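Accompanying notes for the structure given below.
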Amino acid sequence: MFLKRLSVILIFVSLLASLSGCQKTPDEALVKNKKGENLEQEIRDSSLKETPKGEENERDTFPEHYQDEFEVNGVVVQVDADIILPDTGKIASEKIIPQNFSAEQVREFIRYFAGENNCYPLNVAGSKEEIENQIVLIRQQIAELKKNGAAGINEGDGTAQEQIAVLEEELKQYEEYYQQAGESQPVDINEVSFDENGAIELQTYLGRASRALLLCYDYDEMGTLFEFLNYSSALNADEEKLEVGITKEEAWAMASEVIEELNLGDLRVKDIKIKGQVVDGRITGYYDILCQRNWGGLPNRRIDEAPVVQTDLPVSQEEQETEIYSPIMGQNDESIQVDETGVIGMSVTAPPEAVETLNEDVAVCGFDELKEYFRENIGKKSWKNPAGKTYLKITRIYLSSMYAVNKNSSQEYFTLPVWDFCGYSYGEDTPEDTAAHLARLAQDGDQELTFLTLNALDGSMVSRKTGY
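The sequence shown begins at 4 in this note's numbering and counts up by one.
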């Protein structure tokens with residue numbers, strides 16, 4: 004139901020807003036590699052060496068899989084990992100700055116999705132006709148649940164009776180809206196602008212089971228988030244049995260059209276999954292398309308940094324200074340939802356602006372160097388379980404692009420090629436089913452955690468939490 008969905012969105016948004024208010028401008032020492040050199044200069048100087056005719060380029064020497072095992076600082080490191088390389092000829096590095104959607108751009112988005120339909124603020128009702136249609140739909144859902152019991156459950160948790168109670172509360176709210184509808188006036192899209200909290204929040208009626216939401220939040224240096232929601236998730240759906248009336252290729256074609264029309268930048272498919280929605284009282288499928296930005300031939304992959312369990316190693320002054328800074332602009336997965344009717348949902352951030360190309364063909368380290376850098380650096384952090392032996396399993400190794408903050412300006416970033424060593428960690432006292440669950444999460448890619456991130460130019464350690 005859209006009210007539950009909206010509350011989740013607003014909680015997430017408020018959390019991001021609170022985080023952005025307590026960040027520190029980085030010190031000059033933050034963005035330096037292990038040699039103490041300036042990162043920007045290193046990127047400019049790191050050109051790919053010409054390969055003699057008939058010899059392989061270093062980028063072509065990586066195997067598809069890498070296995071290794073060793074122990075360091077009480078942690079058994081087991082590598083059984085696919086090496087994920089992008090299909091690219093050159094790797095470029097650029098200097099970028101965060102961008103914000105302007106009010107006029109947001110108006111264009113609203114016109115694109117709402118068309119000629121009236122839009123209203125979130126806290127007011129629409130026209131009597133629109134609300135009456137919603138009342139009819141809710142009554143149909145209640146009747147279906149009363150008639151078929153558990154078989155009529157469409158979404159949410161709980162028994163049929165519990166869901167009927169929720170729907171009856173929603174029905175009561177819509178009936179109150181209906182009484183107030185004569186007082187509501189649609190907004191003039193040409194005058195829509197951000198409020199004092201940097202937000203634009205509208206609703207419209209597009210003939211589906213719930214009101215469509217058009218939400219935009221401006222986070223200053225972090226960029227702008229825009230969301231369009233025109234579907235109700237079927238939380239109890241058996242997704243393996245769902246079908247969609249179009250193919251994945253057709254769905255991506257529809258999503259690509261929206262990306263191009265709204266100038267959302269170079270987005271590439273990361274994953275496409277079928278999920279359930281409720282339309283006219285029945286459960287049907289839709290495609291949830293996860294996208295990632297492409298920078299200089301590399302995916303700007305979102306990967307979370309694994310938390311350190313216990314650190315017995317001394318921490319340098321530079322590391323202490325670095326750890327207190329959190330980058331303002333991070334990597335995000337953008338998402339677009341599509342069914343046979345077209346795009347029914349979208350959550351995207353404003354694409355950063357490239358202001359300068361630092362290097363059109365950056366050189367990355369070779370495979371032998373990468374193995375050496377991995378062994379050298381993996382022990383500098385500790386995931387040791389104090390209760391006993393700890394196992395660190397690396398299951399995937401990615402070459403991707405990360406935003407590294409410019410030491411000379413907290414408003415600027417470099418797109419830096421990095422290696423991420425992803426997997427999971429557990430102790431010898433971890434229950435078997437818990438360890439198996441962690442393994443499944445790592446294998447499915449639903450919870451990507453990097454236990455080590457390395458600058459692909461020189462092998463120095465990089466923190467996805469601190470920006471470098």
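By construction, the Cβ of each residue, glycine as well, lies at the ideal position given by its N, Cα and C atoms.
Small disclaimer: the values here were computed from a predicted structure and weren't measured.
Self-check item: Beta-carbon spacing of Gly300, Ile94 below 7 Å
Solution: Between Gly300 and Ile94, the gap from beta carbon to beta carbon is short of 7 Å.
Quiz item: Under three-state DSSP, which class holds Arg378?
Solution: Note: Arg378 maps to helix in three-state DSSP.
Exercise. Identify, in the order they occur along the chain, each residue of the same chain with its Cβ nearer than 7 Å to the Cβ of Phe417, setting aside the five sequence neighbours on each side.
Key: Close CB contacts of Phe417 within its chain, under the 7 Å cut and outside five residues either way in sequence, are with Leu42, Glu43, Ile46, Ser96, Lys98, Leu361, Ala407, Asn409 (chain order).
Quiz item: Anyone know if the C-beta pair for Ala357 and Gly226 falls short of 7 Å?
Solution: No, Cβ-Cβ distance for Ala357 and Gly226 is not below 7 Å.
Practice problem: For my contact list, Tyr376 and Ile87 are in at a C-beta cut-off of 8 Å; report their separation, rounded to the angstrom. | Solution: A Cβ-Cβ separation of about 17 Å leaves Tyr376 out of contact with Ile87 under the 8 Å criterion.
Quiz item: Looking at Leu174 and Ile134, is the spacing between their C-beta atoms short of 7 Å?
Solution: Going by C-beta atoms, Ile134 is not nearer than 7 Å to Leu174.
Quiz item: How should Phe73 be labelled, buried or exposed, when 16 other C-beta atoms within 10 angstroms of its C-beta is the threshold for buried?
Solution: Label assigned to Phe73: exposed.
Quiz prompt | Enclosing alpha helix (DSSP H) for Ser259 [first to last residue] | solution = Here the alpha helix (DSSP H) through Ser259 covers 251-264.
Exercise. Would you give the residue range spanned by the beta strand (DSSP E) that Glu296 belongs to?
Key: Per the sequence shown, the amino acid found at residue 296 is Arg instead of Glu. DSSP places Arg296 in the uninterrupted beta strand (DSSP E) bounded by 285-298.
Self-check item: Residues bridged to Asp342 (per DSSP)
Solution: Paired residues: Gly345.
Self-check item: Secondary structure, beta strand (DSSP E): runs of 3+ residues fully inside the stretch 205-245
Solution: Every beta strand (DSSP E) stretch that sits fully inside the stretch 205-245 and reaches 3 residues is listed by chain position as 215-221, 227-232.
Quiz item: What is the C-beta distance between Met349 and Val261, in whole angstroms, given that I count them as a contact (C-beta under 8 Å)?
Solution: Separation of the CB atoms of Met349 and Val261 is rounded to 7 Å, and the pair is thereby assigned contact status at 8 Å.
Self-check item: Asn458 versus Glu372, Leu452, Asp432, Thr437, residue with shortest Cα-Cα distance
Solution: Nearest C-alpha to Asn458: Glu372.
Quiz item: When we look at the beta-carbon of Asp342 and count the other beta-carbons within 10 Å, is it buried (16 or more) or exposed?
Solution: With 16 or more other Cβ atoms from the protein chains shown falling within 10 Å of its own Cβ, Asp342 counts as buried.
Self-check item: Status (buried if at least 16 other CB within 10 Å, exposed otherwise) for Glu172
Solution: Counting of Cβ neighbours within 10 angstroms places Glu172 among the exposed residues, the total staying below 16.
Practice problem: Compute the beta-carbon to beta-carbon distance between Lys149 and Ile167, rounded to the nearest angstrom, for a pair I have assumed lies under 8 Å. | Solution: Rounded, the Cβ-Cβ distance is 7 Å, consistent with contact.
Quiz item: Taking all protein chains shown into account, do 16 or more other C-beta atoms lie within 10 angstroms of the C-beta of Asp291, making it buried, or fewer, making it exposed?
Solution: Buried is the call here.
Exercise. Starting from the Cα of Lys131, find the closest Cα among Asp336, Phe231, Gly430, Pro189 and give me that residue.
Key: The residue with the shortest Cα to Cα distance from Lys131 is Pro189.
Exercise. Express the C-alpha separation of Phe424 and Tyr69 in angstroms, rounding to a whole number.
Key: Distance from the CA atom of Tyr69 to the CA atom of Phe424, rounded to whole angstroms, is 11 Å.
Practice problem: List the residues that DSSP assigns as beta-bridge partners of Lys276. | Solution: Answer is Asp291, bridged to Lys276.
Quiz item: Just the Cα atoms here: how many angstroms apart are Leu205 and Asp90?
Solution: Rounded to the nearest angstrom, the gap between the Cα atoms of Leu205 and Asp90 is 41 Å.
Practice problem: Indicate the three-state DSSP secondary structure (helix, strand or coil) for Arg443 in the structure shown. | Solution: In the structure shown, Arg443 sits in a helix (DSSP, three-state: H, G or I).
Quiz item: How should Asp283 be labelled, buried or exposed, when 16 other C-beta atoms within 10 angstroms of its C-beta is the threshold for buried?
Solution: Under the 10 Å beta carbon count, Asp283 is surrounded by fewer than 16 other beta carbons and is classified as exposed.
Self-check item: Coarse secondary structure for Arg304, derived from DSSP in three states
Solution: Coil.
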